[in-house]
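See structure below.
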Amino acid sequence: MGLSSAGELRQVLREGLVRKGGLAAIDRQIESVRAQHPGDARLHYIHGLILTGRLRQKDAVAHFVTTIRADKTCGPAWKSLIKIRLVEKSADDLCDELVGLAEALAKTKLDWKQIDRRELAAWLGRVHGFLLLREIEIVSASALEHHIAIVRRRLPVKLHADYAVGRQRFIVDYGAQVADIELAVAAKDVKAAQKATTERKELLDRKQDLDRKAETSLQTQKQWASWLEEQLSTSEKRLETLKEDYQALEAAHRRLSGLRLQTQLDAQRLRFDYSRGGFTPLEIDRQPALLRYDQEIQRFDNERFSLRQQASRVMVTARGVLQDRVAATRRYEKATGDLKKTDATLSRWQKALNRSSLKVEQKAATTNNKKRMLKRLARPATFFELDARAEAEHFLQKLGASLSGKPSS
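Each residue of the sequence shown is one higher than the last, beginning at 111 in my numbering.
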């Protein structure tokens, strides 16, 4: 039940990376080999390589992590995992993996080969050299400084020199490539830039004209927006005042309703007292006190009716204000509709102008070319490429095999 043979591993890698068979079939093939060699962590590593080659890095991460858990001395798995974290710009995961690698290198009980430990320590320094460029920020400056300090504490003192050499060598390599780019750019013929000067001037004049038209349209839209804001603000204040008036009328109406109810109850009690005193209904109706109560109730009813009418007028006024708001909004939309059409036309012209400008600039954009080349140089993939086939070939070479089937020299 030992390790898988080089032939078995090569067959799986060829199926996944050269023949590009279906992933389901490859999964079954790997499971078949794993059933025969359950303790071989390399099967997870080559599974991760195949998924990386299929651009499924997120799925590959789990297999690389499993490989490392089973065999912390598997340098290729560490490298592949850290490369994915770099390309994905996953700062927290990247820092965790780098610290984990440093801790693994410090464990002397592991079956490390000294050459592998030194090579990985140098590679770790190379990664830090890249992060220290600050061309593309993956880890913030303060966090990176703290992280590097942690890694150096975890790393064995014997490997500090290898780490420093790897870091410095990366900086030298990067500087050399920057120098090559600068020389290549400087060697370009500047006549193209001189020839494009006239065309650039014409395009600039057209652009300025379009910018003026766009600015005029923008200012007009701002004026209309300011007008609408003023209209809506005025109507909002008016509605707030009407709301307060309506609430005051409603409160007055409730107060009168309460007084009317109290007066009505007092009249009923007085009628009851007269009835107990032996007065007939006709005599009770003629009593001055009850007549005064009836007059008071009628007065309350008249005042309540008046309040209702006032509240109704307030509601009508509020509806009018709301209609004015809608009318103002529609007027704004109608007025700015033509401006938006004009802006769309200007936008089309500007895009066409930009395309023309691009063609001109491409003829003589030495500085821009340099910037693009330097930016491309600073990408993680430039120095830490996720080339699954190359990794697989390197892995098989150590086993005396190759993807092509030819014996490794």
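Idealized CB from N, CA, C, for every residue including glycine. Quick caveat, the model's predicted, so the values are computed rather than measured.
Nonlocal neighbours in the same chain, by C-beta distance under 8 Å from residue i, ignoring five residues either side
i	result
L220	K182, T183 and A214
P490	K193, L196, V197, K199, F240, I246 and I248
S519	For S519, the predicted model reports a pLDDT of 48, less than 50, meaning its position is unreliable and no value from the coordinates is stated.
E503	S512 and L513
T177	A151, R152, H154, Y155, G158, C184 and A187
M111	Residue placement at M111 cannot be trusted, given a pLDDT of 45 that sits under 50; the coordinates are not used to answer.
D376	Y403
A421	Y356, L359, E360 and H363
Reference residue i, options the options, closest by Cα
i	options	result
D150	A180, F174, R166 and K168	A180
I140	K130, L153 and R263	L153
Q417	Q167, A358 and T446	Here residue 417 turns out to be Leu, not Gln, going by the sequence shown. The option with the nearest alpha carbon to L417 is A358.
L367	F415, I394 and V295	Going by the sequence as given, residue 367 is Ser instead of Leu. Answer by Cα proximity: F415.
K323	V237, Q333 and S457	S457
E443	K332, H363 and E501	K332
E118	K130, G132 and I136	I136
V288	Q507, T492 and G510	T492
D404	R370, G388 and S385	R370
L133	G510, H147 and R166	R166
R499	E125, E255 and T218	E125
L123	V436, L432 and L161	L161
H238	T218, W222, L496 and R262	R262
T439	R409, V426, F389 and S343	S343
K520	D203, R138, R144 and V143	Since the first residue shown for the chain is 111 and the last is 519, residue 520 is missing from the structure and cannot be characterised.
A362	E255, F494, K130 and F410	F410
Q378	R364, E360 and R402	R402
L254	D206, R129, L127 and L293	D206
W334	T446, F389 and F494	T446
A437	A259, R138 and L338	L338
Residue i, DSSP secondary structure in three states
i	result
G149	coil
K217	coil
K182	coil
D497	coil
I248	coil
A511	coil
F415	helix
S115	coil
S519	Bear in mind that a pLDDT of 48 at S519, under 50, signals an unreliable position, so the model cannot answer this.
L165	coil
R129	coil
S327	helix
Q121	helix
K193	helix
L506	helix
S200	coil
W222	coil
R73	It is not possible to answer for residue 73, since the shown part of the chain is limited to 111 through 519.
R138	helix
R489	coil
Close Cβ partners of residue i (< 6 Å) along its chain, the five nearest in sequence each way excluded
i	result
G158	A170, H173 and F174
V424	L352, D355 and Y356
R236	G276 and F280
L509	A116
H257	C205
G163	L127 and A498
F494	K193 and L196
Close Cβ partners of residue i (< 7 Å) along its chain, the five nearest in sequence each way excluded
i	result
Q372	none
L269	L215, R227, R228 and A231
Q374	I407
A428	L349 and L352
E501	L159, P186 and S190
D434	S345
R264	V209, A212, E213 and A216
P99	Summary: the structure shown does not reach residue 99, with the chain confined to residues 111 through 519, and so no result is reported for it.
A399	L380
S385	I394
I260	V209
Contact with chain C by residue i, beta-carbon distance below 8 Å
i	result
L191	Absence of chain C from the displayed structure is noted, only one protein chain being present.
Which ranges would you report for the alpha helix (DSSP H) in the stretch 233–295 if only whole runs of at least 4 residues count? 251–264
Whole runs of the alpha helix (DSSP H) within the stretch 373–438, excluding any shorter than 4 residues
391–395
Ignoring anything shorter than 4 residues, give me the alpha helix (DSSP H) runs that lie fully in the stretch 340–371, in order along the chain.
none
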